[in-house]
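J.:
Numbering (this note's numbering), first residue to last: 296 to 410.
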């Protein structure tokens, strides 16, 4: 059973923007914290941003001021607005609970920042 589906990735030039979306199952979205994670080639998966049901957010230092996480608790949707993208943001992006649960990893969406 598919628990989450990420979308919105693509190829963008440095300085550009993308908006990622995650359609999550009801069980997954029942957790207090949801997060966006990313995994770059040759690197471990890392937490990019998290948000709780009340809307409180936390960000990795590398994306503060550039990325914005949001959620729609009615539609079970999670979003990540990414602005001022840099080549080092290139990675596969995933949504999951925080802390993550293995069952909930999806296929992710590829973000490539390159000129």
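Heads up, the beta-carbon is just placed ideally off N, CA and C, and yes, glycines get one too.
#1: Would you give the residue range spanned by the alpha helix (DSSP H) that residue 322 belongs to?
#2: Pull the bridge partners of residue 388 from the DSSP assignment, please.
#3: Could you give the residue range of the beta strand (DSSP E) that holds residue 299?
#4: Using beta-carbon positions only, say whether residue 366 and residue 329 come within less than 8 Å of one another.
#5: Grab me the residues of residue 368's own chain with a C-beta within less than 8 Å of its C-beta, minus the 5 sequence neighbours each way, in chain order.
#6: Count Cβ pairs between the stretch 301–313 and the stretch 334–342 that sit closer than 8 Å; are there 3 or more?
#7: To the nearest angstrom, report how far apart residue 375 and residue 383 are at their CA atoms.
#8: Nearest CA to the CA of residue 395: which residue from 326, 355, 300?
#9: Quick check on this structure: which residue in 402, 333, 351 has the alpha carbon closest to the alpha carbon of residue 357?
T.: Checking against the coordinates, here is how it stands:
#1: 321–324
#2: 333, 404
#3: 299–302
#4: yes
#5: 324, 348
#6: no
#7: 17 Å
#8: 326
#9: 333
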